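What follows is a short report on a single structure.
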Amino acid sequence: MNIPVSPWALMSETCFKVLPTVRKNLNHWKLQAQKIPNLELRHQALASLSDKQFHCEGGAIYGLLAKSHWREAIQFIVAYQTISDYLDNLCDRSTSLDPEDFRALHESLSDALTPEAPAKNYYRLRDDQDDGEYLQNLVRTCQNILGKLPNYPNIASVLHELASYYCDLQVHKHVKVEERVPRLKLWFALHQNRLPEMQWYEFSACAGSTLGIFCLVAYAFQPDLSETFTHQVKESYFPWVQGLHILLDYLIDQEEDRLHGDLNFCFYYTSPDEMTERFKHFIHHAKSSVAQLPHAQFHQLINQALLGVYLSNKKVRKQPIVQNIAKQLIESGGSPASFFFKSRLLLSH
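What follows is the structure in structure tokens.
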């Protein structure tokens, strides 16, 4: 199977292969979620599956890098992203604000990346307990797929590094409101000397994406993946591609987050102009950082698709400042970004 290198080819593969496979996998998890005995856990599991389906649909495009193993890669991506979205709901809508509880829940994401990790109770520090092994089954699905990968040892340490950034972010950003920013700033200070020049809220955005993990797992289905290549992928995706991904997510959610009093990393830019310039900076570095990878055109298309998909979201049209920024960013992304933007607009009407 060829890796798509044109916008039309990527769209075709996504529509006819990726999306039907994602929906089949999600239907399986919906049936499991409906059987969760605890009412609150069942509610949050089903809500995350219906409200955040597009996370799985977008991430699963990386399954195409696994070539003939694309179905297994997508199965992993959907299960892992479903854990992530479910936990996000549990932390966001939680009566608990205990960082140790959030840390215990997120051990499931680390265990999902460790084929030999034993089963444990991730709910041990909260009242809601009985999920009928829903979370454990998601973890086991990921473990089973990774356990069959001949190249798993070459990607293991990098997978865990990327997952640790993600899990730390989820803990810090869900504690008591007054503790969030101080904790995030302190956490950034621990990593700052190993990062390109950026602000604490930009680093937080870079940590919040699962794209690097999906990319590496899909590549690990190929027989010739070395540790050197693994690090090359990591350097390409973290921080720039992952940062661009999550900043776009926060950009379009600003009005919603203001309404609910939620933390939004875009609030910390001093002006719309500064925000636009920094987004362009991320677009530029995301482009140059993937240019050295094999299938560079595919990775460039993903960057441009991120712009098109997020900036064509109906939320943008309700926020005049964001709409103005979106126009400038689509121009920065070039004609493929414009293609994805217009295609999404047409599909949404």
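For the working numbering, add 2 to where a residue sits in the sequence shown, where the first one is 1.
Beta carbons are placed, not taken as given, at the ideal position from N, Cα and C, and that holds for glycine.
Just so it is clear, the structure is predicted and the values come from calculations on it, not from any experiment.
Compare the beta carbon distance of LEU186 and SER206 with 8 Å and say whether it is the shorter of the two. Along the sequence shown, one-based indexing puts residue 186 at 184. Along the sequence shown, one-based indexing puts residue 206 at 204. It is a contact, given that the beta carbons lie within the stated cut-off.
Which stretch, first to last residue, makes up the alpha helix (DSSP H) that contains TRP242? Mapped onto the sequence shown, residue 242 falls at position 240. Neither: TRP242 is in no alpha helix (DSSP H) and is coded neither H nor E.
DSSP on VAL7, reduced to helix/strand/coil? Walking along the sequence shown from the start, residue 7 turns up at place 5. Reduced to three states, the DSSP call for VAL7 is coil.
For LEU331, the nearest candidate out of SER291, SER345, ARG346 and SER314 (CA to CA): Counted from its first residue, the sequence shown places residue 331 at position 329. LEU331 has its Cα closest to that of SER314, out of SER291, SER345, ARG346 and SER314.
Does DSSP put VAL177 in a helix, in a strand, or in coil? In the sequence shown, residue 177 corresponds to position 175, counting from 1. Coil, per DSSP.
For the segment 52-90, which segments carrying the alpha helix (DSSP H) assignment without a break, of at least 4 residues, lie completely within its bounds, in sequence order? Runs found: 55-61.
Thinking LEU21 and ALA35 are a contact (beta carbons under 8 Å), I'd like their distance in whole angstroms, please. Looking up residue 21 in the sequence shown gives position 19. Looking up residue 35 in the sequence shown gives position 33. No, LEU21 and ALA35 are not in contact; Cβ-Cβ is about 20 Å, not under 8 Å.
For GLU42 and GLN299, the rounded distance between their alpha carbons: Position 297 of the sequence shown, counted from the start, is the residue given in the question as residue 299. Position 40 of the sequence shown, counted from the start, is the residue given in the question as residue 42. If I take the Cα positions, the gap works out to 44 Å.
DSSP on GLN302, reduced to helix/strand/coil? Here residue 302 refers to the residue found at position 300 of the sequence shown. Three-state result, GLN302: helix.
In the DSSP assignment, find the unbroken alpha helix (DSSP H) run with ALA209 in it and report its ends. In the sequence shown, counting from the first residue as 1, residue 209 sits at position 207. For ALA209, the enclosing alpha helix (DSSP H) begins and ends at 202-209.
Quick check: the Cα distance between SER350 and LEU261, rounded to an integer number of angstroms? One-based indexing of the sequence shown puts residue 350 at position 348. One-based indexing of the sequence shown puts residue 261 at position 259. In this prediction, SER350 scores a pLDDT of 49, lower than 50, which makes its location untrustworthy; the coordinate-derived value is nonetheless stated afterwards. Whole-angstrom Cα-Cα distance: 25 Å.
Could you give the DSSP three-state label for GLU109: helix, strand or coil? As a first step, residue 109 is located in the sequence shown; it is residue number 107 there, counting from the start. Helix, per DSSP.
On a CA-only basis, which of LYS32, ALA222, LYS175 and VAL292 is nearest VAL160? Give me that one, please. Position 158 of the sequence shown holds residue 160. For VAL160, the closest of LYS32, ALA222, LYS175 and VAL292 by C-alpha to C-alpha distance is ALA222.
Does the pairing of the segment 65-73 with the segment 220-235 give three or more beta-carbon distances under 8 Å? The segment 65-73 vs the segment 220-235: in contact.
Are LEU137 and SER110 closer than 8 Å when you measure CB to CB? Numbered from 1 along the sequence shown, position 135 holds the residue referred to as residue 137. Numbered from 1 along the sequence shown, position 108 holds the residue referred to as residue 110. In this structure, LEU137 lies near SER110, with their beta-carbon atoms less than 8 Å apart.
According to DSSP, is ALA328 part of a helix, a strand, or is it coil? For the purposes of this step, residue 328 is identified with residue 326 of the sequence shown, where counting begins at 1. Three-state DSSP puts ALA328 in a helix.
Identify, in the order they occur along the chain, each residue of the same chain with its Cβ nearer than 7 Å to the Cβ of LYS37, setting aside the five sequence neighbours on each side. The sequence position of residue 37 within the sequence shown is 35, counting from 1. Same-chain partners within the cutoff: GLY134.
Going straight from the alpha carbon of ALA361 to that of VAL324, what length do you get? Nothing can be reported for residue 361: it is not among the residues displayed for the chain, which extend from 3 to 351.
Please determine, among LEU115, GLN77 and HIS45, the residue with the shortest C-alpha to C-alpha distance to ASN91. To locate residue 91, count along the sequence shown from 1; it is residue 89. Nearest neighbour of ASN91 by Cα position, chosen from LEU115, GLN77 and HIS45, turns out to be HIS45.
Measure the CB-CB distance between ILE147 and LEU218 and report whether it falls below 8 Å. The count along the sequence shown starts at 1 and reaches residue 147 at position 145. The count along the sequence shown starts at 1 and reaches residue 218 at position 216. Taking 8 Å as the Cβ cut-off, ILE147 and LEU218 do not qualify as a contacting pair.
Between the C-alpha atoms of ILE63 and HIS297, what's the straight-line distance to the nearest angstrom? Taking the first residue of the sequence shown as 1, we reach residue 63 at position 61. Taking the first residue of the sequence shown as 1, we reach residue 297 at position 295. Their backbone Cα atoms lie some 14 Å apart in a straight line.
First and last residue of the alpha helix (DSSP H) that includes ASP259? Mapped onto the sequence shown, residue 259 falls at position 257. It spans 256-262 - the alpha helix (DSSP H) in which ASP259 sits, taken as one unbroken run.
Within 8 Å, strictly: CB atoms of ILE76 and THR23: Locating residue 76 in the sequence shown gives position 74, counting from the first residue. Locating residue 23 in the sequence shown gives position 21, counting from the first residue. Result yes, Cβ atoms of ILE76 and THR23 sit closer than 8 Å.
I need the DSSP call for ARG95, collapsed to helix, strand or coil. Taking the first residue of the sequence shown as position 1, residue 95 is located at position 93. Reduced to three states, the DSSP call for ARG95 is coil.
Reduced DSSP secondary structure (H/G/I, E/B, other) of ARG142: Stepping through the sequence shown from its first residue, residue 142 is reached at position 140. Here ARG142 sits in helix by DSSP.
So what's LEU151 in DSSP terms, helix, strand or just coil? Mapped onto the sequence shown, residue 151 falls at position 149. Coil.
What's the gap between the Cα of ASP259 and the Cα of GLY335? The residue labelled residue 259 in the question sits at position 257 within the sequence shown. The residue labelled residue 335 in the question sits at position 333 within the sequence shown. Taking the straight line from one Cα to the other gives about 26 Å.
Going by other Cβ atoms of all chains shown within 10 Å of its Cβ, with 16 needed for buried, is PHE56 buried or exposed? In the sequence shown, counting from the first residue as 1, residue 56 sits at position 54. For PHE56, the number of other beta carbons within 10 angstroms of its own is below 16, and it is reported as exposed.
Looking at the structure shown, is ARG346 part of a helix, part of a strand, or coil, going by DSSP? The count along the sequence shown starts at 1 and reaches residue 346 at position 344. Assigned with DSSP and collapsed to three states, ARG346 falls in helix.
From PRO9 to PHE341, what does the alpha carbon distance come to, in whole angstroms? Taking the first residue of the sequence shown as 1, we reach residue 9 at position 7. Taking the first residue of the sequence shown as 1, we reach residue 341 at position 339. Computed Cα separation, rounded: 7 Å.
With C-beta atoms as the reference, is GLU309 less than 8 Å away from PHE284? Along the sequence shown, read from residue 1 onward, the residue named residue 309 stands at position 307. Along the sequence shown, read from residue 1 onward, the residue named residue 284 stands at position 282. As written in the sequence, residue 309 is Leu, which differs from the Glu given in the question. At a Cβ-Cβ threshold of 8 Å, LEU309 and PHE284 do not count as neighbours.
Are LEU89 and GLN172 closer than 8 Å when you measure CB to CB? As a working note, residue 89 is residue 87 in the sequence shown. As a working note, residue 172 is residue 170 in the sequence shown. In contact: LEU89 and GLN172 (Cβ atoms closer than 8 Å).
Between which two residues does the alpha helix (DSSP H) carrying ARG25 extend? Here residue 25 is taken as the residue at index 23 of the sequence shown, counted from 1. Annotation: the continuous alpha helix (DSSP H) that includes ARG25 extends over 21-36.
Could you check where the alpha helix (DSSP H) with LYS316 kicks off and where it finishes? The residue labelled residue 316 in the question sits at position 314 within the sequence shown. It spans 316-319 - the alpha helix (DSSP H) in which LYS316 sits, taken as one unbroken run.
Member of PRO274, HIS176, ARG126 and ALA328 whose CA lies at the smallest distance from the CA of LYS316: The sequence position of residue 316 within the sequence shown is 314, counting from 1. Of the candidates PRO274, HIS176, ARG126 and ALA328, the one whose C-alpha sits nearest the C-alpha of LYS316 is ALA328.
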